[in-house]
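Asker: Numbering (this note's numbering), first residue to last: 15 to 117.
Sharing a structure with you now.
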């Protein structure tokens with residue numbers, strides 16, 4: 015069950031995303047044209063693709079090349095909630111930011 019979910023967009027693309035939820039929770043993540051930095055504040059996170067499985071625990075982070083994978087969120091030994099923040103990196107957004115930086 016999702017308790018709180020917020021996003022912040024830039025150039026019509028989701029740049030920042032925060033979520034607090036009550037685990038267990040699963041969702042597919044079809045993100046083809048971006049990379050993602052994920053920081054787990056509370057709980058644990060599993061990412062399962064056809065090639066590998068990755069577990070990220072409380073106060074750990076991961077920088078992922080996005081694709082099709084399944085996400086599972088779990089509670090940890092210290093918290094019954096899952097809370098995380100994600101930063102999405104779209105090539106076209108990064109180019110626009112870079113172009114606006116006139117040194």
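Beta carbons: idealized from backbone N, C-alpha and C, even for Gly.
On a predicted model such as this, the values are computed, not experimentally measured, just so you know.
Taking a contact to mean a Cβ-Cβ separation below 8 Å, would you say residue 71 touches residue 60 in this structure?
Answerer: Taking 8 Å as the Cβ cut-off, residue 71 and residue 60 do not qualify as a contacting pair.
Asker: Is the beta carbon of residue 102 closer than 8 Å to that of residue 15?
Answerer: Going by C-beta atoms, residue 15 is not nearer than 8 Å to residue 102.
Asker: Report the CB separation of residue 76 from residue 115 in whole angstroms; it is logged as a contact under 8 Å.
Answerer: The Cβ separation is near 27 Å, so there is no contact.
Asker: Whose C-alpha, out of 109, 24, 90, 84, is nearest the C-alpha of residue 62?
Answerer: If we check each option's Cα against that of residue 62, 84 comes out closest.
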